[in-house]
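Novice: Line by line, the protein sequences are chains A and B.
Residue numbering for the first sequence follows the working numbering, starting at 1 and increasing by one per position.
Residue numbering for the second sequence follows the working numbering, starting at 1 and increasing by one per position.
Built from N, CA and C at the ideal position, the CB exists for glycine as well.
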Amino acid sequence: MRYDIAIIGTGPAGLSAAINSKIRNKNIILFGSKDFSSKLIKAPKVNNYLGFYDITGSELKAQFEKHINVMDIGITNERINNIYAMGDYFALMVNEKMYEANAIIVATGIEYTKPLKGEEEFLGKGVGYCATCDAPLYKGKVVTIIGYNRDAEEEANYVSELAEKLYYIPMYNGSYKLRGNIETVNDRPLEIQGDDRVNKLILKSSEINTDGIFVLKDSVAPSQLVPGLAMEGDHIKVDLDMKTNIKGCFAAGDCTGKPYQYMRAAGQGQVAALSAVAYLDSIE
Amino acid sequence: MVREIKDENFPQTIEESSMPVIVDFWATWCGPCKMLAPVMEEIATELDGKAQFFKLNVDENPVASTQYRISSIPTIMVFKNGNVLETLVGFRPKEAIKSLIEKHI
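So, in structure tokens, the structure goes:
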């Protein structure tokens, strides 16, 4: 089944987009978490959200929750890996599963892992984000995986079956379930270097000569989430209607720029929803 | 239509065509490649007669994929007179790919 609008993110921008899309009688799916937003529940006091003087973040969260429950809006607690603009619809990938929507609203906030120096420059020239996709291209070569979470270990084990040598750089603490032929390097990566291709990873106190580097993160920049999405620095480029450069793709909240504030986010979510509704009406 | 191209006919295909030649480097195990395939088919239909469209399976054709140093797939290359004019790595929306190709038509 194809949804009218898929909303990615359950902070104030995503929730406001959801309620306004629902009011306009659109068939929506909202991706996010039961906590809505880690920033929201951590806020000790909010005094600049109109109508709610002296409220804590978790109290505000409870109000938001009441609101979407009354409107019968559910949250799909799944992590979207990639969104592909197929032309007249969007394919949203969750591991092996796929959702389809005619329009999307990106409201993912601003907390994503910043790229390493050289990472963007060498993307596709030795740097990749999908180890399982590109591993066979590194048969018999030296590969380095920078892993930000446990899932990366599984990918490392798979790649180690094909690569000549695999270095694993964990960016988290814990015990690692890795095959015996993988060399774990406990050091902080600083920069990716090369000529026309990657050849070296510089770490704080060492260097690794490598043919390929996979950076496997928890959360990626919006331009990785939606390939082809135009950015302006760290933020998604939008116009006053919250349109992005991709037809049918809208964005709202912190991911579109500063100031990072609840009311701005909620306002933009509303504009994005109404723009998405207008877009859907135009293609019918 | 997007046709298959192989190591054997790769060099003459990209050199002998008077039109831009678009090659989509892909493999069966690559998810984004699967998503890109129908997009490329649509573009090929829309630009029929103005450019030639091919796909090359990197598993079965190591010579061409090594020569053009394919390190991530999907990779789309635009050739004219045997030279690489554009390289796109990773999935891209249809309009972005189409306008890039149209620059060379």
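Just to confirm my understanding: we take A/N199, look at its own chain, exclude 5 residues before and 5 after, and list those with CB closer than 8 angstroms. What are they?
Specialist: Here the question's residue 199 of chain A lines up with position 199 in the first sequence. Excluding residues within five positions, the ones whose Cβ falls inside 8 angstroms are G126, Q193, N209, T210, D211.
Novice: May I ask you to verify whether the segment 154-163 of chain A touches the segment 52-62 of chain B, counting CB pairs closer than 8 angstroms and requiring at least 3?
Specialist: No: fewer than three Cβ pairs fall under 8 angstroms.
Novice: Run down chain B in chain order and give the residues with a C-beta less than 9 angstroms from the C-beta of A/I246.
Specialist: Position 246 of the first sequence holds residue 246 of chain A. Going along chain B in sequence order, the residues near A/I246 (Cβ under 9 angstroms) are P93, E95, A96.
Novice: Nearest by alpha-carbon distance to A/A85: which of B/I70, B/M40, B/Y68, B/E4 is it?
Specialist: By one-based count along the first sequence, residue 85 of chain A stands at place 85. Of the listed residues, the one whose Cα sits closest to A/A85 is B/M40.
Novice: Taking 7 angstroms as the line, does the beta carbon of B/L100 fall inside it for any heavy atom of the ligand ATP?
Specialist: As far as ligands go, the structure on display features none, and thus does not contain the ligand ATP.
Novice: Measure the Cβ-Cβ separation of A/A288 and A/I8 and say whether it is below 8 angstroms.
Specialist: Examination of residue 288 of chain A is not possible in this model, given that chain A is present from 1 through 284 alone.
Novice: Report the residues of the segment 110-126 of chain A with a CB closer than 8 angstroms to any CB of chain C, ordered along the chain.
Specialist: Of the protein chains in this structure, namely A and B, none is chain C.
Novice: In three-state terms, what does DSSP make of B/P20?
Specialist: Reading the second sequence from its first residue, position 20 is the one you call residue 20 of chain B. Coil.
Novice: So for A/G128, helix, strand or coil by DSSP?
Specialist: Taking the first sequence and counting its residues from 1, one reaches residue 128 of chain A at position 128. Three-state DSSP puts A/G128 in a strand.
Novice: Which same chain residues, not among the five before or five after A/N48, have their C-beta less than 8 angstroms away from its C-beta?
Specialist: The sequence position of residue 48 of chain A within the first sequence is 48, counting from 1. Closer than 8 angstroms at the Cβ level, and outside the excluded window around A/N48, lie Q261, Y262, M263.
Novice: What residues from the segment 86-100 of chain A come within 8 angstroms of chain B, judged by C-beta to C-beta, listed N to C?
Specialist: Taking 8 angstroms as the Cβ-Cβ cut-off against chain B, the residues of the segment 86-100 of chain A that qualify are M86, G87, A91, M93.
Novice: Given that a residue counts as buried once 16 or more other Cβ atoms are within 10 Å of its Cβ, and exposed if not, what is A/R79?
Specialist: Translated into the one-based positions of the first sequence, residue 79 of chain A becomes position 79. Exposed, since its Cβ has fewer than 16 Cβ neighbours within 10 Å.
Novice: Within its chain, find whatever has a CB closer than 6 angstroms to the CB of B/L100; leave out the 5 residues flanking it on each side and keep chain order.
Specialist: Within the second sequence, residue 100 of chain B is the residue found at index 100, counting from 1. Once the five neighbours on either side are set aside, the close Cβ partners of B/L100 are E86.
Novice: A/I105 and A/A251: beta carbons closer than 8 angstroms?
Specialist: Along the first sequence, one-based indexing puts residue 105 of chain A at 105. Along the first sequence, one-based indexing puts residue 251 of chain A at 251. For A/I105 and A/A251, yes; Cβs fall inside 8 angstroms.
Novice: Leaving out five residues on either side along the sequence, give the residues of the same chain with a beta carbon under 8 angstroms from the beta carbon of A/N27.
Specialist: Working through the first sequence from its first residue, we reach residue 27 of chain A at position 27. These residues qualify, in order along the chain: Y3, D4, I5.
Novice: Any C-beta of chain A sitting closer than 8 angstroms to the C-beta of B/I70?
Specialist: One-based indexing of the second sequence puts residue 70 of chain B at position 70. True, the Cβ-Cβ gap to chain A drops below 8 angstroms.
Novice: Report, in whole angstroms, the separation of the C-beta atoms of A/G269 and A/L15, which I expect to be a contact under 8 angstroms.
Specialist: Within the first sequence, the letter at position 269 stands for residue 269 of chain A. Within the first sequence, the letter at position 15 stands for residue 15 of chain A. So it is a contact: roughly 7 angstroms between Cβ atoms.
Novice: Tell me which residues of the segment 213-235 of chain A have at least one Cβ-Cβ distance to chain B shorter than 7 angstroms, keeping chain order.
Specialist: Going along the segment 213-235 of chain A in chain order, one finds P227, G228 with a Cβ nearer than 7 angstroms to chain B.
Novice: For chain A, find out if any of its Cβ atoms is closer than 8 angstroms to the Cβ of B/T75; answer yes or no.
Specialist: As a working note, residue 75 of chain B is residue 75 in the second sequence. Chain A contact via Cβ: present.
Novice: Counting only C-beta atoms, is B/D59 closer than 8 angstroms to chain A at any point?
Specialist: Taking the second sequence and counting its residues from 1, the one referred to as residue 59 of chain B is at position 59. Answer yes: the Cβ-Cβ gap between B/D59 and chain A drops below 8 angstroms somewhere.
Novice: For A/V198, which beta-bridge partners are listed by DSSP?
Specialist: Residue 198 of chain A sits at position 198 when you count from the first residue of the first sequence. A/V198 is bridged to A/G194.
Novice: Specify the secondary structure class of A/Y99 as computed by DSSP and reduced to three states.
Specialist: On the first sequence, position 99 is the one that residue 99 of chain A refers to. The answer is strand: DSSP assigns A/Y99 an E or B state.
Novice: Can you give me the C-alpha to C-alpha distance between A/N181 and A/E153, rounded to a whole angstrom?
Specialist: For this step, residue 181 of chain A is matched to residue 181 along the first sequence. For this step, residue 153 of chain A is matched to residue 153 along the first sequence. The straight-line gap from Cα to Cα measures roughly 13 angstroms.
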